[in-house]
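Once you know that position 41 of the sequence shown is 44 in the numbering used here, the rest is easy, because the numbers rise by one and skip nothing.
All C-beta atoms, glycine included, are put in the ideal place defined by N, C-alpha and C.
Heads up: the structure comes next, in C-alpha cells.
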Amino acid sequence: MAVSESEIRSALSRVQDPEIRKPITELGMVKSIDIDADGNVAVAVYLTTAGCPLRTEITERVTKAVADVAGVGAVDVTLDVMNDEQRTELRKSLRGDSTEPVIPFAQPGSLTRVYAVASGKGGVGKSSVTVNLAAAMAARGLSVGVLDADIYGHSIPRMLGTDAKPTQVERMIMPPIAHDVKMISIAQFTQGNTPVVWRGPMLHRALQQFLADVFWGDLDVLL
4 MAVSESEIRS ALSRVQDPEI RKPITELGMV KSIDIDADGN VAVAVYLTTA
54 GCPLRTEITE RVTKAVADVA GVGAVDVTLD VMNDEQRTEL RKSLRGDSTE
104 PVIPFAQPGS LTRVYAVASG KGGVGKSSVT VNLAAAMAAR GLSVGVLDAD
154 IYGHSIPRML GTDAKPTQVE RMIMPPIAHD VKMISIAQFT QGNTPVVWRG
204 PMLHRALQQF LADVFWGDLD VLL
C-alpha cells in the first residue's frame, strides 16, 4: 500500500522542536513532503535561524519519525531557513501580536510557580541550591526554567555543564536547555569571566528582558 502525505504529516506532528517544544507541523516548519513511487520520502524542514545549534537533532528526529511509518523506504531530510515574514508569524503564534514585551508569569491565570533563591550574603550556595532544585524538579517531569539573576557572579551555565548560547527568533530569545532545564544567564552574553559593571537602570533592563523577551514556554516552575 502506497504511503500517503497525510501519514507522513501525522508522523511529523509528533516531532517537537527541541527549543520551542511544540510540534514542527504546528510551528510551520515543514516546508514540503515528496514521496516517490518506491516509497522513498524527501522532507524539507525550515529552521528558525541559519545558525540553529540543534539542526542535527531536528534532522535526526524527523528522519526517525518518517522512517517509522509503514511502507517508507529511504528518508532524505533537507534544511532551509525561515524568512523574516515567517519568523514574524512564528513569534505572533507563540507570543501574540503585542507591540510591547509582556512578562508571562505576571499575567492573571499564569500557572507557573516562581521561586526566588536569594541571600544577603555572597558565596553561600544560592546557585548550587537553584541548580539542584531545578534538576530534581525536571527529573520528576516538571517543566523548569532558571533565570540567573546574579549579574556579578553568574555561574548557573557552568554548574549545568553547558556553554550553549541563546538563539534569537525575531525579538524572542530562545534559552538553551541542559538536563531538561531551560536557562538564561548574563554569562551567556559575556566573554569568559569578563566582569559586568552595570548599575541601576541597565540591571533592571537586563532582568526585564530575561523575563519578557525570553520564550520560556509553558513552565511549571521558574527559579
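- In the DSSP assignment, Q171 is bridged to I176.
- When beta bridges are read from the DSSP output, Y118 appears opposite no residue.
- Between A152 and V184, the gap from beta carbon to beta carbon reaches 8 Å or more.
- Residue state for T165 is assigned as coil, using DSSP reduced to three classes.
- Every unbroken stretch of the beta strand (DSSP E) spanning 3 or more residues and falling wholly within the region 8–73 is given here in chain order: 33–38, 44–50.
- Going by DSSP, V75 is part of no beta strand (DSSP E) at all; its letter is neither H nor E.
- Taking all protein chains shown into account, V44 has 16 or more neighbouring C-beta atoms within 10 Å of its C-beta and is therefore buried.
- Ranked by Cα distance from H157, the options A77, G220, A73, G128 are led by G128.
- Distance from the CA atom of D79 to the CA atom of V6, rounded to whole angstroms, is 15 Å.
- Taking a cut-off of 8 Å on C-beta distances, the region 138–148 does not touch the region 164–176, as fewer than three cross pairs fall below it.
- The beta carbons of L225 and V117 sit closer together than 8 Å.
- In this structure, the beta-carbon distance from F218 to R98 falls below 8 Å.
- If you look at D151, you'll find it in the beta strand (DSSP E) that goes 147–151.
- Sixteen is the threshold: when 16 or more other Cβ atoms of the shown chains lie within 10 Å of the Cβ of G148, as they do, the residue is buried.
- With a threshold of 16 other beta carbon atoms within 10 Å, V33 meets it and is buried.
- S131 sits in a helix when the DSSP states are folded into three classes.
- G76 and D41 have their C-alpha atoms roughly 7 Å apart.
- Remark: C-beta atoms of R17 and P26 approach each other more closely than 8 Å.
- Taking all protein chains shown into account, R24 has fewer than 16 neighbouring C-beta atoms within 10 Å of its C-beta and is therefore exposed.
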